[in-house]
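To keep things clear, I will list the structure first and then write my remarks on it.
Protein chains: 2
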Amino acid sequence: MSENGALPRLGKVLTVDTMNPNVKKVDYAVRGPIVQRAVQIEKELKEGVKKPFEEVIKANIGDAHAMGQQPITFFRQVMALCTYPQLLDDNKFPEDTKSRARRILQSCGGNSIGAYTTSQGIDCVRHDVANYIQRRDGGIPSDPDNIYLTTGASDGIVTILKLLTAGEGRTRTGVMISIPQYPLYSASIAELGAVQVNYYLNEEKCWSLDISELQRSLQAAREHCIPRVLCIINPGNPTGQVQSRQCIEDVIKFAAKENLFLMADEVYQDNVYAEGCEFHSFKKVLFEMGPEYSSKVELASFHSTSKCYMGECGFRGGYMEVINMDPEVKAQLTKLVSVRLCPPAPGQALMDLVVNSPQPGEPSYQTFIKERTAILSALAEKAKLTEEILNTVPGISCNPVQGAMYSFPCIALPERAINAAKAKGQAPDMFYCMKLLEETGICLVPGSGFGQREGTYHFRMTILPPTDKLKILLNKLKEFHQKFTQQYS
Amino acid sequence: MSENGALPRLGKVLTVDTMNPNVKKVDYAVRGPIVQRAVQIEKELKEGVKKPFEEVIKANIGDAHAMGQQPITFFRQVMALCTYPQLLDDNKFPEDTKSRARRILQSCGGNSIGAYTTSQGIDCVRHDVANYIQRRDGGIPSDPDNIYLTTGASDGIVTILKLLTAGEGRTRTGVMISIPQYPLYSASIAELGAVQVNYYLNEEKCWSLDISELQRSLQAAREHCIPRVLCIINPGNPTGQVQSRQCIEDVIKFAAKENLFLMADEVYQDNVYAEGCEFHSFKKVLFEMGPEYSSKVELASFHSTSKCYMGECGFRGGYMEVINMDPEVKAQLTKLVSVRLCPPAPGQALMDLVVNSPQPGEPSYQTFIKERTAILSALAEKAKLTEEILNTVPGISCNPVQGAMYSFPCIALPERAINAAKAKGQAPDMFYCMKLLEETGICLVPGSGFGQREGTYHFRMTILPPTDKLKILLNKLKEFHQKFTQQYS
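Residue numbers (UniProt numbering), protein chains in the order written: chain A, 1 to 489; chain B, 1 to 489.
Given below as structure tokens:
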């Protein structure tokens, strides 16, 4: 109080001028202004405002269930049993769902999924993850002590980036990320105050990764920071490419030679559609390259319950495997994750079911396989459809969607549209996507949110809407693009 | 590769010397070395190693279900329905559980709890939280736009601290925390590189908070940083005190006068046991103080599904309410939380049930009230029991456990024990707790993990074990303390 008892007239403690400057630099396009406007438009539609469309189609985010994909029955049955164990007496649930639930509950404190788990994650889940990786990678061993369960893959990625961020000014940690990239990376780098080091994917060669470009990017970055991490997303987000085994080997050699920590974001490992393409994990390739590499290169790889055929984004389940991590650093990692107590137990349980799915002979096997196959075939069909229809549009050119859940086509924008965007202070592809949203209800994310070569424009579109809706969407998009081009030509 | 093709012999990229220096400074006693040793001992017992006890009793962490507390039936029924909606056709579930589940699912993308939610949290849940706060606070309005759902309270607390951390050197943000404190605070402050500013609670007056001590602490801190935040935990962790309305009013006046952002950690709001004690939320007191304060003081308050009578720690559910936050900062907050996509949807749904529990006349009401009352009465009884038995031990003095879930007694340690600890490089109370664990299997957390006045020693013990086990634990502890005192006298 001042002398006369009145409160002093001070401004707010927390303002944009006094807040964490790194947070201000954070950008996350996938949930940016376009999406906020889409939510507004949905409200307006509900309130009866007339629009040239009846619903907003959100093709901005890899959210399968929101697009109508049904959950896998086996997963949800076991989760219901874990949640309300009284159902274990119910004969409507197959025996294998019950035995899975019992096993998970036995690993929980007080047999309750409501207890904290160990910070690294439930023991039996980490064992199951290790077994899964070993099977997936043709027998190359995986150690449960190297597995950390996470709150979705994002959580794991941020945690490893956090460990790696150090130095000041020219000694600050540089993080090499692909352009286009998934904006979790740029956002986390900004938040941590690390240095973003861009390497460009080769759009002409189906978004492939050229080692010469890695070399160029590294060289340039060494002028102003210390690049210490190389991040790879495979299958690619937002670009949908699937890396060849050779490319992965070359990347590992590059990381070894240049002393870079490798981060492999492999959350789309089951989402491979194109003929001749196959998923190779960085872990497997690393170990196939022999001890010269497998005993040396530091690698963290990430997986999640949110993508593939599961699409269980809401559960925030995930894991990471760390390879060749210095044991003292690992102890620091374990300490760091303990501050947040534990990842959500339901997400951990779900991750367990993903890596330990029904086996031939078990009662749930047939249904499980049927459901999984149906989802993955539909995605493959929609990947093809998207590429085909988009490439019929003059001014749009779309690489094959080899994997993941997105197309990232290049769009030709007329000079006048670019100028109109600049006049509004918008990126040209933001201007395009905003207009698309207002006129058709289709919600996409502009390429500028992911990064792209100067002077090129793109958008990211998920392939997740149901096939009939996807066709409507693609045709509306085609029509819009033609109209837009005409209008600004 | 070097000229001859061999890889250069470089050390690891990531070592304790090159890692994030702030992460190294992080400490989290609740899951520290004592707990790691307890886990080891449990393994040894399983392997048949002979010990002077048969089981480890973990009284180190507020993990109710792990200590045998049963989940609330209503919560788990609705969660099972949300997880596996086919059960909505099952007539074993009461109608009110079904209507809650339907309402939650209707707010989820694709009616699935597996879809991402909005980053701030499911709309209808935020509305229910706002209604709950309004009821709790005697009608003082709460705006759903000020509610952010979180991954447990910890997540919310770290997020707000992150926003507040800025400056360098002497302009670095200072965060005022009570000593003893819950180590999430010190850990997050270290990780963010903010400055920890200690104010001491008054053990002689039942761990109360003296404004003169806040003033002293603030004055001293202003010499080397800019204190901008004042954190309060009420009911107290680890100290179990419940703040009086007058004290809260004084704290708010202090924050207003000194221009401090208030963070009120109120996760134990239903855990009040002592006669004459009552929970007052900071929000309510702030608004009762009139517009001079209620229009000015910036406040964030936190709640969780993990404590109170729920004990659903594994779900990682929680919310925060922000009051008087600058609208531009709020936009930054919304952007920041969007990078992690969303809090776990099951935790959000559970939070909804906590704030929107069965009402009189609904089929689940009777059972719900019976279960809740039983848990809270048992906790009240155990709070009393703990205080009483501990105070019969010469050399242990324990304040009343007015609320929360912990006792934090002061222990007198003989000079020789202190020297023996020093010789081992251990804090004296760590030495004591480690010995207690090895000899009795009881796992407590040493007071040094929470902070305490120089030259005093404490431990934190939860009151959560079942009454019969708690009695055994307390008597074993008594016996140990007497033996220990004798041995080192």
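Quick reminder that beta carbons are idealized off the backbone N, C-alpha and C, glycines included.
Collapsed DSSP secondary structure at residue i in the structure displayed
{"i": "A/Ile-418", "result": "helix"}
{"i": "A/Met-351", "result": "helix"}
{"i": "B/Pro-33", "result": "helix"}
{"i": "A/Tyr-309", "result": "coil"}
{"i": "B/Ser-2", "result": "At B/Ser-2 the pLDDT is 43, less than 50, meaning the model places this residue with poor confidence; the figure from the coordinates comes in the next sentence. B/Ser-2 falls in the coil class under three-state DSSP."}
{"i": "A/Phe-74", "result": "helix"}
{"i": "B/Phe-408", "result": "coil"}
{"i": "A/Gly-318", "result": "strand"}
{"i": "A/Asn-271", "result": "coil"}
{"i": "A/Gln-69", "result": "coil"}
{"i": "A/Val-175", "result": "strand"}
{"i": "A/Ser-338", "result": "helix"}
{"i": "A/Thr-151", "result": "coil"}
{"i": "B/Cys-277", "result": "coil"}
{"i": "B/Arg-372", "result": "helix"}
{"i": "B/Lys-471", "result": "helix"}
{"i": "B/Tyr-182", "result": "coil"}
{"i": "A/Lys-58", "result": "strand"}
{"i": "B/Glu-256", "result": "It should be pointed out that residue 256 of chain B corresponds to Ala in this sequence rather than to Glu. Helix."}
{"i": "A/Asp-429", "result": "helix"}
{"i": "A/Leu-444", "result": "coil"}
{"i": "B/Ala-378", "result": "helix"}
{"i": "B/Phe-287", "result": "helix"}
{"i": "B/Thr-462", "result": "strand"}
{"i": "A/Met-434", "result": "helix"}
Beta-carbon proximity check, residue i vs residue j, cutoff 8 Å
{"i": "A/Ala-264", "j": "A/Asn-237", "result": "no"}
{"i": "B/Gly-110", "j": "A/Met-67", "result": "yes"}
{"i": "B/Met-434", "j": "B/Arg-37", "result": "yes"}
{"i": "A/Pro-227", "j": "A/Leu-214", "result": "no"}
{"i": "B/Ile-472", "j": "B/Ser-407", "result": "no"}
{"i": "B/Ser-112", "j": "B/Cys-342", "result": "no"}
{"i": "A/Ile-34", "j": "A/Pro-428", "result": "no"}
{"i": "residue 491 of chain B", "j": "B/Tyr-488", "result": "Within the shown structure, residues of chain B are numbered from 1 to 489, placing residue 491 of chain B beyond reach of any answer."}
{"i": "A/Cys-108", "j": "A/Pro-400", "result": "no"}
{"i": "B/Gln-241", "j": "B/Gln-402", "result": "yes"}
{"i": "B/Phe-368", "j": "B/Phe-74", "result": "yes"}
{"i": "A/Val-26", "j": "B/Val-272", "result": "no"}
{"i": "A/Gly-114", "j": "B/Glu-312", "result": "yes"}
{"i": "A/Leu-444", "j": "B/Val-329", "result": "no"}
Proximity test, Cβ basis, 8 Å: residue i and chain B
{"i": "A/Gly-156", "result": "no"}
{"i": "A/Leu-286", "result": "no"}
{"i": "A/Thr-485", "result": "no"}
{"i": "A/Gln-332", "result": "yes"}
{"i": "A/Thr-151", "result": "yes"}
Proximity test, Cβ basis, 8 Å: residue i and chain A
{"i": "B/Gln-77", "result": "yes"}
{"i": "B/Cys-231", "result": "no"}
{"i": "B/Val-354", "result": "no"}
{"i": "residue 570 of chain B", "result": "This structure cannot settle anything about residue 570 of chain B, because the visible part of chain B is limited to 1 through 489."}
{"i": "B/Phe-162", "result": "Here the sequence assigns Lys to residue 162 of chain B, which means Phe is not the residue at that position. Answer yes: the Cβ-Cβ gap between B/Lys-162 and chain A drops below 8 Å somewhere."}
{"i": "B/His-65", "result": "yes"}
{"i": "B/Ala-221", "result": "no"}
{"i": "B/Lys-241", "result": "Position check: residue 241 of chain B holds Gln in this sequence, whereas Lys was assumed. For B/Gln-241, the answer is no, since every Cβ of chain A falls outside 8 Å of its Cβ."}
{"i": "B/Pro-21", "result": "yes"}
{"i": "B/Asn-146", "result": "no"}
{"i": "B/Gly-347", "result": "yes"}
{"i": "B/Asn-259", "result": "yes"}
{"i": "residue 500 of chain B", "result": "Because chain B is modelled from 1 through 489, residue 500 of chain B falls outside the range shown and cannot be assessed."}
Presumed contact (8 Å Cβ cut-off) between residue i and residue j, rounded CB distance
{"i": "A/Val-175", "j": "A/Val-229", "result": "5 Å"}
{"i": "A/Cys-225", "j": "A/Thr-150", "result": "So it is not a contact: roughly 27 Å between Cβ atoms."}
{"i": "A/Gly-121", "j": "A/Gln-348", "result": "6 Å"}
{"i": "A/Asn-22", "j": "A/Ala-190", "result": "6 Å"}
Contact test: residue i Cβ vs the ligand GDP heavy atom, cutoff 7 Å
{"i": "A/Pro-343", "result": "You won't find the ligand GDP in this model; it holds no ligand whatsoever."}
Practice prompt. Entirely within the stretch 194 to 230 of chain A and at least 4 residues each: give me those alpha helix (DSSP H) ranges in chain order.
Written response: 211 to 221
Item to complete: Would you list, in sequence order, the uninterrupted alpha helix (DSSP H) runs of no fewer than 4 residues that lie entirely inside the stretch 79 to 165 of chain A?
Response: 95 to 106, 123 to 136 and 152 to 164
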